[in-house]
Amino acid sequence: MTNKPESWLTDPEERLKRKNTFDASIVMGTANFNRDTGRQDNLHPPFSQFIDPNTGMLRLDMLRARDCPVCGRPPGPGLFVKDGFRHVRCPNCQLIYVSLILREDLMIKYWQEELAWSKVLASGPQIEMDMAKYAYGLDLASNYLTESRKLLDVGAGTGTFVRYAIEQGFETTAIEFNVESVDNLLQEGIQIIVKPLELADLPPHSYDLVTMWEVLEHLADPKVVLAEAKRLLAPGGYLLLLVPNAGSLVTRLLHEKSHTFGGHSHLNHFDPKSLSLILKNLHYEIVELETVITELGTINNHLGFEDPYHGQAGPFCEDLTPKLIHERLWGSRLLALARPSA
Ligand SMILES: [Zn+2]
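Residue numbering for the sequence shown follows the numbering used here, beginning at 52 and increasing consecutively.
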């Protein structure tokens, strides 16, 4: 690996081609991907113990309220309720978020014991798509990094990214507290810290790259974790983030039918503006911000009156291409690379 920019980075067509290699709707088809990763069984595990059967809403003794996690304003009008969780939009910064969330102890227990989503992550087609996505992200970040390669992966999950980063020569530490994932990673000899990042008490300026692959959307207070990541970055260090994009075409079309909404686990729904705002407020400078993964098959199914995730509809419109979707930042995930600005 060198610091010389790779040609795919500067050539928009080559860059799009590389993005398409981990866009499941293009590579293997939406219905096939959802079936073969077991998403239909494992996406929304039963969590009826959190719900009051009389109201259909999160139980009063299990909830905590919160204001906008980006700008701190009180919640605006509700957008919709999904699975007993109220989703609102901030009247100030427009962030869509869950306003009444699980108590912290219950949420930590949930993540410690969670098994269903780990099964999806460990499925063959998911690993295939994730590996190509991680390679893209790590190559992107590597173009900005110096030769020093200490990496901290926050929310390592089943460890697909951590294994890849180690293979690529990064001295890698994982943060994870899911019991099964921790056991597996320890058995493989992977360096792991079994605590939330903000409680890990790591020495300042000790990492060249901090990665958070689909982590920020799960956090009750993403600001605390982003601030801690900044404290941990060495001079010349970068933060690499991937989050679901609430401004994506697929989410704008499906609203609460979108799998991205599920209030027990996805608490914050960033779009390009709100992600930029939270990073700017914490004195990060964004050097790359783009979308990846179109979910074009899901979009076509919905527009074709078929089940969005399991339908087989053909293209709705020839002009609706991955190129257009990513040019408008309408892709289903936001990928950002940022560095401390102060
Ligand atoms: Zn706000």
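Every residue gets a Cβ at the ideal spot worked out from N, C-alpha and C, and that includes glycine.
Bear in mind that the values here come from a model prediction, so they are computed numbers and not experimental data.
Problem set entry | Cut-off 8 Å between Cβ atoms - residues of its own chain near Ala285, not counting five sequence neighbours on either side | Ser199, Lys201, His256, Ser257, Tyr258, Asp259
Exercise. Is it right to say Leu293 is buried, meaning 16 or more other beta carbons lie within 10 angstroms of its own, or is it exposed?
Worked result: buried
Problem set entry | CA-to-CA distance, Pro366 to Leu151, given in whole angstroms | 38 Å
Exercise. Looking at the unbroken beta strand (DSSP E) that takes in Trp381, where does it start and where does it end?
Worked result: Note, Trp381: premise wrong, no beta strand (DSSP E); not H, not E.
For this session: Report the three-state DSSP secondary structure of Asn319 (helix, strand or coil).
Result: strand
Exercise. So who's on the other strand from Thr223, going by DSSP bridges?
Worked result: Leu202
Exercise. Should Ile325 be counted as a contact of ligand 1 given a C-beta to heavy atom distance under 8 Å?
Worked result: Note on residue identity: the sequence assigns Ser, not Ile, to residue 325. Yes, Cβ of Ser325 sits closer than 8 Å to a heavy atom of ligand 1.
Exercise. DSSP three-state call for His353: helix, strand or coil?
Worked result: helix
Exercise. Using a Cβ-Cβ cut-off of 7 Å (strictly less than) and excluding sequence neighbours within five positions of Gly127, which residues of its own chain qualify?
Worked result: Val139, Arg140, Cys141, Pro142
Problem set entry | Buried or exposed by the 16-neighbour rule on C-beta atoms within 10 Å, applied to Ser58 | exposed
Exercise. Going by the beta-carbon positions, is the gap between Glu336 and Leu380 smaller than 9 Å?
Worked result: no
For this session: Can you tell me which of Tyr289, Leu146, Ser76, Glu307 puts its alpha carbon nearest to the alpha carbon of Gln363?
Result: Ser76
Exercise. Between Leu146 and ligand 2, is the CB less than 8 Å from at least one heavy atom?
Worked result: Ligand 2 is not part of this structure, which contains only ligand 1.
For this session: Out of Ile350, Gly210, Asp272, state which residue places its alpha-carbon closest to the alpha-carbon of His320.
Result: Asp272
Problem set entry | Residue of Phe136, Asn235, Thr197, Cys122 minimising C-alpha distance to Gly287 | Thr197
Exercise. DSSP state of Asp342, grouped into three classes?
Worked result: Reading off the sequence shown, one finds Thr at residue 342, where the question assumed Asp. Strand.
For this session: Could you check the C-alpha separation between Tyr161 and Glu268 for me, to the nearest Å?
Result: 15 Å
Exercise. Do you know offhand how far Met52's Cα is from Leu60's?
Worked result: Low per-residue confidence applies at Met52: pLDDT is 46, beneath 50, and the placement is therefore not dependable, though the value from the model is reported in the following sentence. In a straight line, the C-alpha of Met52 is about 14 Å away from that of Leu60.
Exercise. Residues bridged to Met182 by DSSP?
Worked result: In the DSSP output, where bridge partners are listed per residue, Met182 has none listed.
Problem set entry | Sheet register partners of His306 (DSSP bridge) | Per DSSP, none; premise fails for His306.
Exercise. Roughly how many whole angstroms lie between the Cα atoms of Leu347 and Arg384?
Worked result: 13 Å
Exercise. Looking only at its own chain, which residues have a Cβ that is under 8 Å from the Cβ of Asp358, when we skip the five neighbours before and after it?
Worked result: Asn352
Exercise. Among the residues of its own chain, which have a CB less than 7 Å from the CB of Arg282, if the five just before and after it don't count?
Worked result: Pro255
Exercise. With which residues is Arg66 paired in a DSSP beta bridge?
Worked result: DSSP lists no partner for Arg66.
Problem set entry | Limits of the beta strand (DSSP E) - the one that Ile244 falls within | 242-244
Problem set entry | Close beta carbons around Asp181, own chain, < 6 Å, minus the five adjacent residues each side | Thr211
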